[in-house]
Amino acid sequence: VASRSREVIVPLYSAVVRPHLESLHIVPFERAFLFFSQGMAFTLEERLQLGIHGLLPPCFLSQDVQVLRVMKNYENKSNDLDKYIVLMTLQDRNEKLFYRVLTSDIERFMPIVYTPTVGLACQQYGLAFRRPR
1 VASRSREVIV PLYSAVVRPH LESLHIVPFE RAFLFFSQGM AFTLEERLQL GIHGLLPPCF
61 LSQDVQVLRV MKNYENKSND LDKYIVLMTL QDRNEKLFYR VLTSDIERFM PIVYTPTVGL
121 ACQQYGLAFR RPR
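The sequence shown begins at 1 in full-length UniProt numbering and counts up one residue at a time.
Here it is in structure tokens:
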């Protein structure tokens, strides 16, 4: 039985859309989570190191700025189910930012990501379902 490699193959971008780019990039296992978890918070150095320079918008947004944006979006939602959907979508898209937002005011967010809102989300699963997790 072959042992598992400590590397993860991460698809960067479709070679059909950008034929001059390689379609696969080898990322050491310890850093693979970075590729999926930072969104626009990647620094220029990290983008170059991971080979994703040019695949993200050119500006850098710190996590603090991203937290403010999420909070503004969250506050614009009128009911708990919509707030739950915002947070679960954030978790799917940027898990580091999700936990940063969650821990910024745990007492405020726990009723949304736990009971009673999760019960409501289960009752209205067809409306809240976005993608399998």
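Every residue gets a Cβ at the ideal spot worked out from N, C-alpha and C, and that includes glycine. Since the structure is predicted, the reported quantities are computational estimates derived from the model, not experimental observations.
8 Å or more divides the Cβ of M40 from the Cβ of L55. With respect to the 8 Å criterion, V70 and L90 are classified as neighbours on the basis of their beta carbons. Boundaries of the alpha helix (DSSP H) around D82: D80 to R93. In the structure shown, P58 falls within a coil segment according to DSSP collapsed to helix, strand and coil.
Between the region 106–115 and the region 78–86, the count of C-beta pairs closer than 8 Å reaches three or more; the two stretches touch. The C-alpha of F98 is placed about 12 Å away from the C-alpha of Y74. For R100 and Y114, the gap between their C-alpha atoms comes out near 17 Å.
Taken atom to atom, the span from the alpha-carbon of T103 to that of Y125 is near 26 Å. Taking every protein chain shown into account, the CB of L48 has fewer than 16 other CB atoms within 10 angstroms, so this residue is exposed.
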